[in-house]
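Have a look at the structure below before the remarks.
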Amino acid sequence: MVTRRIAVLASFLFFTLQFSGTILSSPPSLTPTPSAQDDMNFTLAGKITDKSPGKLTISTGENMIFHVLYNDKTEIKKKDGSPGTGQDLHIGLTISVAGNLAESGEITAKKIAIEPGGSEKQ
1 MVTRRIAVLA SFLFFTLQFS GTILSSPPSL TPTPSAQDDM NFTLAGKITD
51 KSPGKLTIST GENMIFHVLY NDKTEIKKKD GSPGTGQDLH IGLTISVAGN
101 LAESGEITAK KIAIEPGGSE KQ
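Numbering (the working numbering), first residue to last: 1 to 122.
Shown next as structure tokens:
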């Protein structure tokens, strides 16, 4: 009886592995595949804790730190929805970012929106 149960279990496991083998045979891609409509694969929201030309350090509420790269092609929006620039970004502001996450862990921002809250420019 025990031998029969083991044989049934082994057959089930073998079938399951055979069936899923086609799914698991190729490793997942480490490079995100952009969609036709939107080539951004990462979003985050947090507070700017450091700023240097073209680079922000963002701290999220989960105690995670991200480095965000931006340039003149990055769409920046102020709190009121009007277009902004890199000069509108400063330490203490809460922002949301949409862009591409690189293997290095840096995010290249496509869009940055200044969120309500955070400190005003000093």
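Note that beta-carbon positions come from the ideal geometry of N, C-alpha and C, so glycine has one too.
From a predicted model like this one, the values you see are computed outputs, not experimental measurements.
Just so you know, the alpha carbons of M64 and I58 end up roughly 8 Å apart. Between A113 and G99, the CB-CB gap reaches or exceeds 7 Å.
A buried status is given to G46, since no fewer than 16 other beta-carbon atoms sit within 10 Å of its beta-carbon.
In this structure T49 is not in contact with S96, their Cβ atoms being roughly 15 Å apart against a cut-off of 8 Å. Listed in chain order, the beta strand (DSSP E) elements of length 3 or more contained wholly in the stretch 52-117 are 55-59, 65-69, 75-77 and 93-101.
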